[in-house]
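Those protein sequence lines, which keep their order, are chains A and B. Per this note's numbering, the first sequence starts with residue 7, numbered consecutively. Per this note's numbering, the second sequence starts with residue 808, numbered consecutively. We put the beta carbon where it would ideally sit given N, CA and C, even for glycine. In what follows, a single structure is set out as structure tokens and then discussed.
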Amino acid sequence: MDGFLHLDMLILILAAAVATFATRIGGYFLITRMKTIPPRLDAALNAVPAAVLTTLVAPNFYAGGPELKIAMAVALVVGLRFNVLTMLAAGWVVVMALRHGGGW
Amino acid sequence: MTGSDFREGMRVGVPIVLSAAPFGALFGAVAVQNGQTIFEATLMSATVFAGASQLVGLELFGHRVQPWLIILSIFAVNFRHILYSAAMTRFILHFNGMQKFLTFFLLTDPQFAETVKRGESGRAVTFAWYMGLGTIIYVPWLVVTLIGALLGNLITDPKVIGLDVLLPVYFLGLVFGFRKRDNFLPVALTAAIGSILAYRYIGSPWHVSVGALAGVIVAALMPVKASAPATVEEA
């Protein structure tokens, strides 16, 4: 994209920074005046990251071409044993092999 | 003593820097592909300083998701930091106000892990040590973001070099990081099905909120375990 800095992007970035800092300092304020969290609310909060992140994965798999689907499937299997960097390498190798070697 | 504590903190950080660097470069490269300028990408690394959530923000921005939902999603991905700051407060109570501000600004997954490790081993968590560790993570994070953004700017078709596969696989890896949590499978499966259906029948921005909400509701409705203390894990 052309340009150096756009006002709407600046606002978005700064809002993201404030939201992130709130999580970083939030526990410090909570720990002093902590009341008990209801178990169901705790379970719901506990599920938030996995639920949000899954929604960024599944539609990509659904909408992607066959080479992307295969690469993600391979990465998923790799992820059962290895870390994220290894998953990235595996997914990338598969997609590149299929696109440039397999002509997909 | 202060100088040696600072250097010791930096030494602890070296392996962390090496393992985090590819993600910073990935963020920079994907950022310019998704419409950020090089300066904006670097500014985001400098002010948000939380790799996973930065990439989530980019993905949503690329889908033209409403800004409030982008911020909410970034907040959700970073939610674990609330547990971190709560758990490490006891080790840094002796810091003054400004020091605490900087301490929490620099709080990341590895920073938390090393701080608790040091605190629990009985050694003093000094401000100098903490800043040594924080600096050696923070400064390279900006540098690799900039390098990634400069390289990403040269790429005309991300598909040719397979850049488009990295983000979904990265998020898949993050999802896997939560697989030991209670209710992981029902939550992830519900969110996956919900987001695909919403993507198919409602449209792009809404698949995130609809899918995530479905997953969270399932978690809230699951039978409650007798003892389920909030756990802290790397993500």
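Per DSSP, Ser-852(B) is one residue of the alpha helix (DSSP H) stretching across 845 to 854. Apart from sequence neighbours up to five positions away, the residues of its chain that approach Leu-913(B) with a beta-carbon distance below 7 Å are Gly-941 and Tyr-945, ordered along the chain.
In the structure shown, the three-state DSSP call for Ser-1011(B) is coil.
With fewer than three CB-CB distances shorter than 8 Å, the stretch 929 to 938 of chain B does not count as touching the stretch 862 to 874 of chain B.
In this structure the stretch 11 to 23 of chain A lies against the stretch 875 to 884 of chain B, because at least three pairs of beta carbons, one per stretch, are closer than 8 Å. Here Val-884(B) really is in contact with Ser-860(B); their C-beta atoms are around 4 Å apart, less than 8 Å. A distance below 6 Å between beta-carbons, with the five flanking residues on each side excluded, links Met-78(A) to the following residues of its chain, in chain order: Phe-67.
Counting along the chain, the unbroken alpha helix (DSSP H) around Arg-818(B) starts and ends at 809 to 840. Contact residues of the stretch 51 to 63 of chain A toward chain B are Leu-51, Asn-52, Ala-53, Val-54, Pro-55, Ala-56, Ala-57, Val-58, Leu-59, Thr-60, Thr-61, Leu-62 and Val-63 (C-beta to C-beta distance below 8 Å).
Listed along the chain, the chain A residues whose CB falls inside 9 Å of the CB of Asp-989(B) are Ala-49, Asn-52 and Ala-53.
Where Val-100(A) is concerned, the enclosing alpha helix (DSSP H) starts and stops at 90 to 102. In the three-state reduction of the DSSP assignment, Ala-56(A) falls in the helix class, which pools H, G and I. Secondary structure at Met-1029(B): coil, using DSSP grouped into helix, strand and coil.
The alpha-carbon separation between Val-994(B) and Gly-810(B) amounts to approximately 47 Å. Against chain A, a Cβ distance below 8 Å from Val-1015(B) picks out Val-58, Thr-61 and Leu-62.
For the C-beta of Ile-878(B), the chain A residues within less than 7 Å are, from N- to C-terminus, Ala-21, Ala-22 and Ala-25. Interface annotation, Gly-108(A): not in contact with chain B, CB-CB separation never under 9 Å. Under the Cβ distance rule, Arg-30(A) counts among the residues neighbouring chain B, one pair being separated by less than 9 Å. Contact of Pro-45(A) with chain B is assigned, a C-beta pair being separated by under 9 Å.
Going by beta carbons, Thr-61(A) and Ser-1011(B) fall outside the 9 Å limit.
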